[in-house]
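So the sequence shown is numbered by the numbering used here: it starts at 36 and just counts up by one.
Where a beta carbon is used, it is the ideal one built from N, C-alpha and C, also for glycine.
Heads up: the structure comes next, in structure tokens.
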Amino acid sequence: VGIEGRLALELAKRSRFSSADLQEAIGPGEFSIQYHPIIVVSANRNTSVVGVEVRPHWEDKKGSVTWLSQIMPLMLEKNLLPEFNSLLMDKALESYCDWLETDSDLGITVCMNEANLTDPDWPDLMIDIVDKWDVPHQRITFAIEQHAMKDKSGLALSALLRLRISGFNIALDTMGTDV
């Protein structure tokens, strides 16, 4: 087992989730979403919430929280990411549509993994889900990790281009880098 495999196993152990637990939680959508505010502070120190970032997690019976980043290797290994992304977008947009009734300028940001960008079906799947909820594309931002752009196949760039042409916003997440 290579370093990637050992790391994935260690993360799976730490997350307290077996692949069976994960499939069970994803199937019925038994995960929760926290919406972290995206705040803009102007030069005169006025602040406003301009959007929210979708942060999925699972909570066990004891109240311990497991974040998506902790189980991502297991999700990739078991090929659960496409199913999870569909459920996540569906669940996030259901809440978002309620908010749009009172704040039509509020944006929503969904962080995406490199595996999403190299799945040729992913952009169309996201477009279909957003259209199902009748949410204006320009209200949605897909944030991608910087390393996702290292894809040499061109699939990531193609996916981002398709989303951008469809009116979605694209953000590069440089958190934790020197960019």
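Review point. Span of the beta strand (DSSP E) holding Ala178?
Key: Counting along the chain, the beta strand (DSSP E) containing Ala178 begins and ends at Ile175 to Glu180.
Original post:
Would you call Cys132 buried or exposed, if buried means 16 or more other Cβ atoms sit within 10 Å of its Cβ?
Top reply: Of the other Cβ atoms in all chains shown, fewer than 16 fall within 10 Å of the Cβ of Cys132; this residue is therefore exposed.
### Message
Assess contact between the region 144–152 and the region 118–134, defined as three or more Cβ pairs (one per stretch) separated by less than 8 Å. Is contact present?
### Response
They touch, by the three-pair rule.
*Specify, as a first and last residue, the run of the alpha helix (DSSP H) that Asp169 falls within.*
From DSSP, Asp169 is part of no alpha helix (DSSP H); its letter is neither H nor E.
Q | Cβ-Cβ separation, Leu190 to Thr153 (assumed contact under 8 Å), whole Å | A | At roughly 4 Å, the Cβ-Cβ gap stays under 8 Å, so Thr153 and Leu190 are in contact.
**Prompt:** Pick from Ile68, Glu112 and Leu122: whose alpha carbon is nearest that of Lys167?
**Reply:** The shortest Cα separation from Lys167 among Ile68, Glu112 and Leu122 belongs to Leu122.
Exercise for review: State the start and end residues of the unbroken alpha helix (DSSP H) segment that holds Asn120.
Suggested key: Note, Asn120: alpha helix (DSSP H), Leu116 to Leu135.
Cα-Cα, which of His172, Ser77 and Met107 is closest to Ile200? Of the candidates His172, Ser77 and Met107, the residue whose Cα lies closest to the Cα of Ile200 is His172.
What does the alpha-carbon distance come out to for the pair Gln105 and Trp93? If you take the alpha carbons of Gln105 and Trp93, they lie about 11 Å apart.
* To do: Could you pull the start and end residues of the alpha helix (DSSP H) that Asn151 belongs to?
  => Here the alpha helix (DSSP H) through Asn151 covers Glu149 to Leu152.
Would you say Ile164 and Phe203 are within 9 Å of each other, going by their C-beta atoms? Here Ile164 is not near Phe203, since their CB atoms are 9 Å or more apart.
**Simplified DSSP state of Leu207, which is helix, strand or coil** = Looking at Leu207 - three-state DSSP - the assignment turns out to be strand.
*asked:* I need the boundaries of the alpha helix (DSSP H) containing Ser104, first residue and last residue.
replied: Ser104 -> alpha helix (DSSP H) spans Leu103 to Glu112.
_For Trp134, tell me which candidate among Val87, Leu192, Asn81 and Leu198 has the shortest Cα-Cα distance._
The shortest C-alpha separation from Trp134 is found at Val87.
- Task: Write down the C-beta distance between Ile179 and Asp208 rounded to the nearest angstrom, noting that I regard them as a contact closer than 8 Å.
- Result: Contact between Ile179 and Asp208 holds: CB atoms are separated by about 6 Å, below the 8 Å threshold.
Handout entry: Proximity below 9 Å, CB of Arg90 to CB of Leu103
Key = The Cβ atoms of Arg90 and Leu103 lie closer than 9 Å to each other.
Looking only at C-alpha atoms, which of Glu149, Asn81 and Asp156 sits nearest to Leu111?
Nearest option by C-alpha distance: Glu149.
*Classification of Asn151 by the beta-carbon crowding that lies within 10 angstroms, buried from 16 upward*: It is buried - the Cβ of Asn151 has at least 16 other Cβ atoms within 10 Å.
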